[in-house]
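Student: My questions will all concern the structure given below.
2 protein chains.
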Amino acid sequence: MEQSFLAWLRGRQRSLPQVAVGIGDDAAVVDWPHSRQLVTSVDTIVDGVDFLLDQHSLAAIGHKALAVNLSDMAAMAADPVAALVAISLSNENATQTAAGIYEGILETAAEFGVAISGGDITCYDGPLAISITIIGQSEPQKAWLRSGALPDDVLLVSGSLGGSILQKHLAFTPRVRLAQQLRDRFKVNAAIDISDGLLLDLDRLCAASGCGIELELDKIPVSEDALALGEQKGSEPLEHALGDGEDYELLLSCSADQAAEILNADLGVPLTAIGTMTSRTGLWSKLPNKLIRLSPRGFVHGG
Amino acid sequence: MEQSFLAWLRGRQRSLPQVAVGIGDDAAVVDWPHSRQLVTSVDTIVDGVDFLLDQHSLAAIGHKALAVNLSDMAAMAADPVAALVAISLSNENATQTAAGIYEGILETAAEFGVAISGGDITCYDGPLAISITIIGQSEPQKAWLRSGALPDDVLLVSGSLGGSILQKHLAFTPRVRLAQQLRDRFKVNAAIDISDGLLLDLDRLCAASGCGIELELDKIPVSEDALALGEQKGSEPLEHALGDGEDYELLLSCSADQAAEILNADLGVPLTAIGTMTSRTGLWSKLPNKLIRLSPRGFVHGG
């Protein structure tokens, strides 16, 4: 299948200026601008874990496969340039399935100016799995790392959180453009995207920076889907916002001055200040008279 | 598993000068030299198809996963720089299995100066599958393509062919260093590596170049494993050399002058002239008094 499929894909792909030699040879050749670093990441999504082949559209699955990787580029403030796609799937309807997935990938790739610079299709006796490698570019020393947060930084979060299982985990917009605007106009000290849950990913950012955080839980933007899910399940919407994950929103640490300027700017995506970085390590909930320690996986009472 | 595994891997990996930010953040950051193009490719290998988990060592499987990609870099005359590794495997002994595979990957990566600039491990209900994306560098317009062969070019092949199933498909040395020497000292017009079989891959090179080939079948270097396999199975060793595939040797098309110089040079790997490119398309066997047409998938008698 692969040769004829790649020929189809070659014709189907909008040609992008950075591609010197497209797919179809032993490898693709991509032009690279002077003085730019590569920012690279790989993520796999699998049927039954990250999506449901019998419920979700192939295009939505393809979108998610690329978008989770674009979210990593956003978290690094990198400009996505090229993606390589490895699809493993069962023999049954393999060509149609792969083509349907590529429709979603190509649409999202076109939206973000990403070239497909490699493809592999493997038929096997296993669940549909899509691994995408993304290659982005960054000016030297300009990529956002998890490790740059400083005590007294304000922590910002984009969008709203929780309840992603209802729709957002498949249909989200990776925050690439937001990151590009912030990078070009402001100074962000550290960033991470929320894939595994606000508290868990925030704990990673704190650990990498050697900081802690005092969160104002009442400031956390709880999504409508978190409210709906709370109603459905009789659970706390805030718990969904803190722990559900797959929000693919950005957590950004920056100085109080920069935070104030960012919050005054119109960036097209809501941003909310939800806490302050501290030199005391750990995750803390700031209440009027005391601090309560939070566990990365949920509340720990007392403290 | 993934976080602690990536921490282990971070410690295990020899640091390479091109890695500005290693794995462990949302993405890795890789320095890139001025005026170099990216050469990119992705390949997946799967248990039961490309290796046998119950027979082959994990390190050998890891070596193969990277080496098939390095072979693509050789076929493009690109210098491999970085690789991203996505492993999907069942939950049982997942950490040990992944670590064993990485031992093989890291050893081969160190041998060729390749940084691991991304990793993803997914537990799922399917066969062990390893997708590796390789990123190489090339001077502009210097990558070897399949499409550059010219009529009257001499076709060279490295090493010897056939019987790879006995051992070579797992244990081969990708021809990266040979390609680098040839690129730096000679002019090669077109190249491809032999993954699916001499005739099939040669047919691809011919099709991309709009050429044909007159092969001298008696010149084709038949490997000892092709002879052994022929003896075992009562088959023709030459047929194994023509069709087995997974030789991961290079087919190189260059002018007669360059071919003569290359054959006189000591490059550490045997090279053999096996035919002449022609303006008449198709694969032909040159016999003293006639030409016999060959099918990419084996002999077609008459013609």
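Taken in sequence, the protein lines are chains B and E. Following the UniProt record's numbering, the numbering of the first sequence begins with 1 at its first residue and continues without gaps. Following the UniProt record's numbering, the numbering of the second sequence begins with 1 at its first residue and continues without gaps. The C-beta atom is built at its ideal place from N, Cα and C for all residues, glycine as well.
So, are the CB atoms of I134 (chain B) and M76 (chain B) less than 8 Å apart?
Tutor: Your numbering for residue 134 (chain B) matches position 134 in the first sequence. Your numbering for residue 76 (chain B) matches position 76 in the first sequence. No, these two residues do not count as a Cβ contact at 8 Å.
Student: Taking contact to mean 3 or more Cβ pairs, one atom from each stretch, closer than 8 Å, check whether the segment 224-235 of chain E and the segment 132-149 of chain E are in contact.
Tutor: The answer is no - the segment 132-149 of chain E does not touch the segment 224-235 of chain E, with fewer than three Cβ pairs under 8 Å.
Student: With contact counted as at least three CB pairs below 8 Å, one residue from each stretch, are the segment 55-70 of chain B and the segment 23-37 of chain B in contact?
Tutor: no
Student: Any beta-carbon of chain B closer than 8 Å to the one on G302 (chain E)?
Tutor: Here residue 302 (chain E) refers to the residue found at position 302 of the second sequence. For G302 (chain E), the pLDDT reaches just 38, beneath the cut-off of 50, and the residue's location in the model is therefore unreliable, although a value from the coordinates is still provided. No, its Cβ sits nowhere closer than 8 Å to a Cβ of chain B.
Student: In this structure, how does DSSP classify R204 (chain B) when only helix, strand and coil are distinguished?
Tutor: As a position in the first sequence, residue 204 (chain B) is number 204, starting the count at 1. Note: R204 (chain B) maps to helix in three-state DSSP.
Student: List the whole-angstrom C-beta distance separating T23 (chain E) from R10 (chain E), where the pair is believed to meet the contact cut-off of C-beta under 8 Å.
Tutor: By 1-based counting over the second sequence, the position of residue 23 (chain E) is 23. By 1-based counting over the second sequence, the position of residue 10 (chain E) is 10. The question names Thr, but residue 23 (chain E) is Ile in the sequence shown. 6 Å between Cβ atoms; contact.
Student: On the premise that L155 (chain B) lies in contact with I213 (chain B), defined as a C-beta separation below 8 Å, what is that separation, rounded to the nearest angstrom?
Tutor: Taking the first residue of the first sequence as 1, we reach residue 213 (chain B) at position 213. Taking the first residue of the first sequence as 1, we reach residue 155 (chain B) at position 155. Correct: roughly 6 Å between the Cβ atoms.
Student: Sort B:A256, B:V19 and B:I274 by Cα distance to A241 (chain B) and report the nearest one.
Tutor: Residue numbering aside, residue 241 (chain B) sits at position 241 when the first sequence is read from its first letter. For A241 (chain B), the nearest C-alpha among the options comes from B:I274.
Student: Quick test of your reading: D218 (chain B) and G163 (chain B), contact by CB under 8 Å. State the CB separation rounded to the nearest angstrom.
Tutor: Numbered from its first residue, the first sequence carries residue 218 (chain B) at position 218. Numbered from its first residue, the first sequence carries residue 163 (chain B) at position 163. Actually they are not in contact, since the Cβ atoms of D218 (chain B) and G163 (chain B) sit about 18 Å apart, beyond 8 Å.
Student: Report the residue from E:G118, E:L267, E:K64 and E:E107 whose alpha carbon sits nearest the alpha carbon of P174 (chain E).
Tutor: Numbered from 1 along the second sequence, position 174 holds the residue referred to as residue 174 (chain E). Here the closest residue by C-alpha is E:K64.
Student: Would you list, in chain order, the members of the segment 188-201 of chain B that have their beta-carbon closer than 7 Å to a beta-carbon of chain E?
Tutor: I192 and D193
Student: Using the rule of at least 16 other Cβ atoms within 10 Å of the residue's Cβ for burial, across every protein chain shown, is R185 (chain B) buried or exposed?
Tutor: The residue labelled residue 185 (chain B) in the question sits at position 185 within the first sequence. The residue in question, R185 (chain B), is exposed, as its Cβ has fewer than 16 Cβ neighbours within 10 Å.
Student: Among residues of its own chain, excluding the 5 on either side of F112 (chain E), which ones have a beta-carbon nearer than 7 Å to its beta-carbon?
Tutor: Residue 112 (chain E) sits at position 112 when you count from the first residue of the second sequence. These residues qualify, in order along the chain: L70, P80 and V176.
Student: At 9 Å on the CB atoms, spell out the chain E contacts of W8 (chain B), in chain order.
Tutor: Along the first sequence, read from residue 1 onward, the residue named residue 8 (chain B) stands at position 8. Within 9 Å Cβ-Cβ: nothing; W8 (chain B) doesn't reach chain E, min ~16 Å.
Student: Looking at the C-beta of M73 (chain E), does it have a partner C-beta in chain C at a distance below 8 Å?
Tutor: Here the protein chains are B and E, and chain C is not one of them.
Student: So, I192 (chain E) versus L251 (chain E), is the Cβ gap smaller than 8 Å?
Tutor: The residue given as residue 192 (chain E) occupies position 192 in the second sequence. The residue given as residue 251 (chain E) occupies position 251 in the second sequence. Contact: yes.
Student: Of the residues E:Q258, E:D244 and E:L89, which one's Cα is nearest the Cα of R183 (chain E)?
Tutor: Counting from 1 along the second sequence, the entry for residue 183 (chain E) is found at position 183. Nearest C-alpha to R183 (chain E): E:Q258.
Student: Can you tell me where the beta strand (DSSP E) holding E214 (chain B) begins and where it ends?
Tutor: As a working mapping, residue 214 (chain B) is identified with position 214 in the first sequence. Its beta strand (DSSP E) spans residues G212 to L215.
Student: Nearest to L16 (chain B) by alpha carbon, out of B:W32, B:F5, B:G148 and B:L6?
Tutor: Locating residue 16 (chain B) in the first sequence gives position 16, counting from the first residue. Answer by Cα proximity: B:W32.
Student: Compare the C-beta of residue 352 (chain E) against all C-beta atoms of chain B and say whether one is closer than 8 Å.
Tutor: Because chain E is modelled from 1 through 303, residue 352 (chain E) falls outside the range shown and cannot be assessed.
Student: Look at A86 (chain B) and S117 (chain B) and say whether their C-beta atoms are less than 8 Å apart.
Tutor: Mapped onto the first sequence, residue 86 (chain B) falls at position 86. Mapped onto the first sequence, residue 117 (chain B) falls at position 117. Result no, Cβ atoms of A86 (chain B) and S117 (chain B) do not sit closer than 8 Å.
Student: Rounded to a whole number of angstroms, what is the C-alpha to C-alpha distance between C211 (chain E) and I105 (chain E)?
Tutor: On the second sequence, residue 211 (chain E) is found 211 positions in, with the first residue counted as 1. On the second sequence, residue 105 (chain E) is found 105 positions in, with the first residue counted as 1. If I take the Cα positions, the gap works out to 38 Å.
Student: How many angstroms separate the CA atom of L128 (chain E) from the CA atom of D120 (chain E)?
Tutor: On the second sequence, position 128 is the one that residue 128 (chain E) refers to. On the second sequence, position 120 is the one that residue 120 (chain E) refers to. Roughly 13 Å between the two C-alpha positions.
Student: Which ranges does the alpha helix (DSSP H) cover as unbroken runs of at least 4 residues, wholly within the UniProt domain "PurM-like C-terminal" (170-281) of chain E, from first to last along the chain?
Tutor: List check, alpha helix (DSSP H) in window: 176-185, 198-209, 224-233, 237-243 and 256-264.
Student: Ignoring anything shorter than 3 residues or poking outside the segment 1-28 of chain E, list the beta strand (DSSP E) runs there in chain order.
Tutor: 19-21
Student: Could you run through the segment 19-34 of chain B and flag, in chain order, every residue whose CB is less than 7 Å away from some CB of chain E?
Tutor: A20, V21, D25, D26, A27, A28, V29, V30, D31, W32 and H34
Student: Taking a Cβ distance cut-off of 9 Å, strictly less, list which residues of the segment 34-45 of chain B are near chain E, in chain order.
Tutor: H34, S35, R36, Q37, L38, V39, T40, S41, V42, D43, T44 and I45
Student: What residues in its chain sit with their C-beta under 8 Å from that of L170 (chain E), if we drop five residues either side in the sequence?
Tutor: Reading the second sequence from its first residue, position 170 is the one you call residue 170 (chain E). Cβ within range, chain order: F51, H56, A60, I61, H63 and K64.
Student: Would you mind telling me which residues of chain E sit closer than 8 Å to M76 (chain B), beta carbon to beta carbon, in chain order?
Tutor: Translated into the one-based positions of the first sequence, residue 76 (chain B) becomes position 76. Within 8 Å Cβ-Cβ: D25, D26, A27 and V29.
Student: Once you ignore the five residues that flank S90 (chain B) on each side, which residues in its own chain have a CB closer than 6 Å to its CB?
Tutor: As a position in the first sequence, residue 90 (chain B) is number 90, starting the count at 1. Here the set comprises nothing.
Student: Do V269 (chain E) and S138 (chain E) have their beta-carbon atoms positioned less than 8 Å apart in this structure?
Tutor: Within the second sequence, the letter at position 138 stands for residue 138 (chain E). Within the second sequence, the letter at position 269 stands for residue 269 (chain E). No, they are not a contact pair.
Student: May I ask you to report which of helix, strand or coil DSSP gives A149 (chain E)?
Tutor: Taking the second sequence and counting its residues from 1, one reaches residue 149 (chain E) at position 149. The answer is coil: DSSP assigns A149 (chain E) none of H, G, I, E or B.
Student: Does any residue of chain E have a CB that is nearer than 8 Å to the CB of I135 (chain B)?
Tutor: On the first sequence, residue 135 (chain B) is found 135 positions in, with the first residue counted as 1. By this cut-off, I135 (chain B) is an interface position.
Student: Between the alpha carbons of F172 (chain E) and E249 (chain E), how many angstroms are there, rounded?
Tutor: Here the question's residue 172 (chain E) lines up with position 172 in the second sequence. Here the question's residue 249 (chain E) lines up with position 249 in the second sequence. It is roughly 9 Å from the alpha-carbon of F172 (chain E) to the alpha-carbon of E249 (chain E).
Student: With a threshold of 8 Å between beta-carbons, can L66 (chain E) be considered close to chain B, or not?
Tutor: Here residue 66 (chain E) refers to the residue found at position 66 of the second sequence. No, its Cβ sits nowhere closer than 8 Å to a Cβ of chain B.
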